[in-house]
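Notes follow once the structure below has been shown.
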Amino acid sequence: MTITVLPIVEPDIKPAEPLVKVMNDQLAVLARELQDLHLKDLELMEPLFEDIVIYISYYNKQGIRWKIVNDVPEAAIAEVASQCDKLGYVRWKTATLNAFNRD
Numbered sequence: 005m006t007i008t009v010l011p012i013v014e015p016d017i018k019p020a021e022p023l024v025k026v027m028n029d030q031l032a033v034l035a036r037e038l039q040d041l042h043l044k045d046l047e048l049m050e051p052l053f054e055d056i057v058i059y060i061s062y063y064n065k066q067g068i069r070w071k072i073v074n075d076v077p078e079a080a081i082a083e084v085a086s087q088c089d090k091l092g093y094v095r096w097k098t099a100t101l102n103a104f105n106r107d
């Protein structure tokens, strides 16, 4: 399974100007870590040819939220949820990305 974690910069979150670059850079680092370290085991999950795309974003100035934006097996969703829970990330529940909402 191919894992892609994309940092999404929310226009609603407006930190002080000096923090914008730092927060955006940190979000990119967290996306890479989630993809390359924490979700590495998903690469071996069947079916191997499928993709999983995850968005992460700040939901306030400190918190991170996540959302899977494509159809994947329940086992993959459970693994992402487990790893994100360990990291203190919360499930993305807003309609900001309504086009991708399956709820």
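Residue 50 in the working numbering sits at position 46 of the sequence shown; the count goes up by one each step and never skips.
Beta carbons: idealized from backbone N, C-alpha and C, even for Gly.
* CB contact flag (residue 84, residue 72, <8 Å) -> yes
* beta strand (DSSP E) segment containing residue 71, residue limits -> 68-72
* Asked: Shortest alpha-carbon distance to residue 33 belongs to which of 90, 9, 87 and 94?
  -> 9
* Could you pull out every residue in the same chain whose Cβ sits closer than 6 Å to the Cβ of residue 31, ignoring the five residues on either side in sequence? => 11
* **Inter-residue CB distance, residue 62 and residue 5 (contact presumed, cutoff 8 Å)** => So it is not a contact: roughly 26 Å between Cβ atoms.
* Asked: From the DSSP output, which residues share a beta bridge with residue 123?
  -> Given that the chain is displayed from residue 5 to residue 107, the structure contains no residue 123 and the question cannot be resolved.
* Asked: Are any of the Cβ atoms in chain B nearer than 8 Å to that of residue 83?
  -> The structure shown contains no chain B, having only a single protein chain.
* Three-state secondary structure (DSSP) of residue 33 -> helix
* Where does the unbroken alpha helix (DSSP H) through residue 40 begin, and where does it stop? -> From DSSP, residue 40 is part of no alpha helix (DSSP H); its letter is neither H nor E.
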